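Notes to accompany the following structure.
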């Protein structure tokens with residue numbers, strides 16, 4: 347019985363470590379930004395939060411970028427931009 351508990355504990359711990367290490371890293375969604383100067387909305391499909399945060403930090407196209415997990419540009423009613 348002690349061996350079975352040890353196996354279950356070890357397996358459970360390993361599963362939690364795996365889930366915790368990948369949590370949010372591979373989730374994709376859209377990265378959106380709006381330029382009042384050019385009256386343009388930008389939308390990038392299939393991005394990760396890290397990619398979107400990088401564009402926000404760099405202020406690409408002079409706009410603030412926001413990540414929307416699990417969404418697509420089409421779902422948001424905005425055409426995807428190249």
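In this note's numbering, the protein residues as written are 347 to 428.
The beta carbon of each residue, even a glycine, is placed where N, CA and C say it ideally should be.
Keep in mind it's a predicted model, so treat the numbers as computed, not measured.
Grab me the residues of residue i's own chain with a C-beta within less than 6 Å of its C-beta, minus the 5 sequence neighbours each way, in chain order.
| i | result |
| --- | --- |
| residue 414 | 375 and 376 |
| residue 412 | 378 |
| residue 401 | 411 |
Taking 7 Å as the limit between beta carbons, can you name the residues of its chain near residue i, skipping five residues before and five after?
| i | result |
| --- | --- |
| residue 417 | 375 and 376 |
Given this structure, state the Cα-to-Cα distance separating residue i from residue j, to the nearest angstrom.
| i | j | result |
| --- | --- | --- |
| residue 397 | residue 382 | 22 Å |
| residue 409 | residue 428 | 16 Å |
Examine chain D for any beta-carbon lying closer than 8 Å to the beta-carbon of residue i, and answer yes or no.
| i | result |
| --- | --- |
| residue 401 | Absent from the structure: chain D. Only one protein chain is present. |
Worksheet item: What are the start and end residues of each continuous beta strand (DSSP E) run of 3 or more residues lying completely inside the stretch 375 to 419, in chain order?
Response: 386 to 394 and 411 to 415
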